[in-house]
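Reading through the structure tokens given below for one structure.
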Amino acid sequence: MTYSDGADETVPELKLIIEDPENGDYVKLRGGSDEEEEDSPAGCWIGSVTSVWFWVKLISLVAFLGLLAFVIIKWIAPFLIEKELIPFIKWVRSTFSIPVLGLLLFASVALFPSILLPSSPSMWMAGLTFGYGNGFLLILSAASIGVTLPFLIGHLFLHKMQEWLMQYPKKAAILRAAGEGTWFHQFQAVTLIRVSPFPYMVYNYCALATGVHYGPYILGSLVGMVPEIFVSIYTGIMLRTLAVASDKRHGLSAVGIVVNVLGFCVTASATIVCTIYAKKKLSAMQSEEVET
């Protein structure tokens, strides 16, 4: 409180803090504003220490990742390429013809999601063998079957899936949101679920229980899987490039290194941005579903 006797002189404002012995808390009866406390020397000191500690952790993390990348590139990657990757590629090419290999990759991408097995290695092999164009068409056509079969099989477990969704209402809110609204709303929701880190093999069986129609489900699934397909194809092409360079006992040229590194960075960055955006949009949809 500030007192004045009519003159310009004022009494400084007093602060009184009493400790609560029962709760161990401090009760503030009078005092300055929060802004004044933040501007105090103690607040500035704590803020500076926090800022320094943040930069120390960030620099340490970057240094660790750099060291890890150097170890992988220098020793681990050449060993795996020479001892595992090159013999495997030679065995595949000597055992299967290109049409037979394409049929096997198509079947694995189409059937593995139905039995809850990852199809990413098959996608890598498709990129390694067929490149961007043919590899993309092969994977996309096989993936359309891979997401359709669980959707149809889900009729056999429809009641169990609905019971599971009722037991976990908060976790299932994001899935229920995909089955509501107009055709475009369902398409958008399914696309975001595919782009986000949500387990897509689980959603394949749960989709029918949410009431989503097959049209927006299949189209949204294929559109949402495009980033993953491109990353898988690029991974296969990178593996093929490294295997060829290692098999011929010579490294990549400077231009080749720059192109591969930039391509990988662009692909990975685009995928991360899409994933973050999809996660935020799904969180908003989940909040709306929980409120309603």
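If you're matching positions, the sequence shown starts at -7 in my numbering and goes up one per residue.
Backbone N, C-alpha and C fix where the C-beta goes; we use that ideal spot for every residue, glycine too.
Bear in mind the structure is a predicted one, so any value in this text is a computation, not a measurement.
- Going by beta carbons, Thr259 and Val215 fall outside the 8 Å limit.
- In this structure, Leu108 lies near Met193, with their beta-carbon atoms less than 8 Å apart.
- Glu155 and Val101 have their C-alpha atoms some 29 Å from each other.
- Inside the stretch 71 to 105, DSSP marks whole alpha helix (DSSP H) runs of 4 or more residues at positions 78 to 87 and 90 to 103, from first to last along the chain.
- When rounded, the separation of the alpha-carbon atoms in Cys266 and Trp45 is 31 Å.
- Leaving aside the five residues that flank Ala164 on each side, the residues in its chain whose CB is nearer than 6 Å to its CB run, in chain order, Leu157.
- Per the coordinates, the alpha-carbon of Pro113 lies some 13 Å from the alpha-carbon of Met230.
- By the Cβ rule, the stretch 202 to 216 counts as touching the stretch 172 to 190, because three or more pairs are nearer than 8 Å.
- By the neighbour-count criterion, in which 16 or more other beta carbons inside 10 Å mark a residue as buried, Arg85 falls on the exposed side.
- Around the beta-carbon of Cys198, 16 or more other beta-carbon atoms lie within 10 Å, marking it buried.
- In terms of Cα proximity to Thr202, the closest of Ser188, Gly146, Leu254 and Phe222 is Gly146.
- In this structure, the alpha-carbon of Leu96 lies about 38 Å from that of Thr174.
- Counting along the chain, the unbroken alpha helix (DSSP H) around Gly119 starts and ends at Ser112 to Ile145.
- Here the alpha carbons of Ala55 and Ile221 stand approximately 31 Å from one another.
- Val204 sits away from Ala237, with the two beta carbons spaced by 8 Å or more.
- Residue ranges of uninterrupted beta strand (DSSP E) with 3 or more members are absent from the stretch 165 to 208; none lies entirely inside it.
- For Met153, the uninterrupted alpha helix (DSSP H) run begins and ends at Leu150 to Gln159, by DSSP.
- Between Phe179 and Pro208, the C-beta spacing is below 8 Å.
- DSSP places Leu59 in the helix class (H, G or I) of the three-state scheme.
- Here the C-alpha atom of Glu76 lies approximately 38 Å from the C-alpha atom of Leu144.
- In the structure shown, the three-state DSSP call for Met217 is coil.
- The Cβ atoms of Gly119 and Gly255 do not sit closer than 8 Å to each other.
- Collapsing the DSSP output to three states places Leu274 in a helix.
- The three-state secondary structure of Leu234, taken from DSSP, is helix.
- Within the same chain, Pro219 and Val223 come within 7 Å of Thr263 by CB-CB distance, once the 5 residues on both sides are set aside.
- Counting the other Cβ atoms within 10 Å of the Cβ of Ile81 gives 16 or more, which makes it buried.
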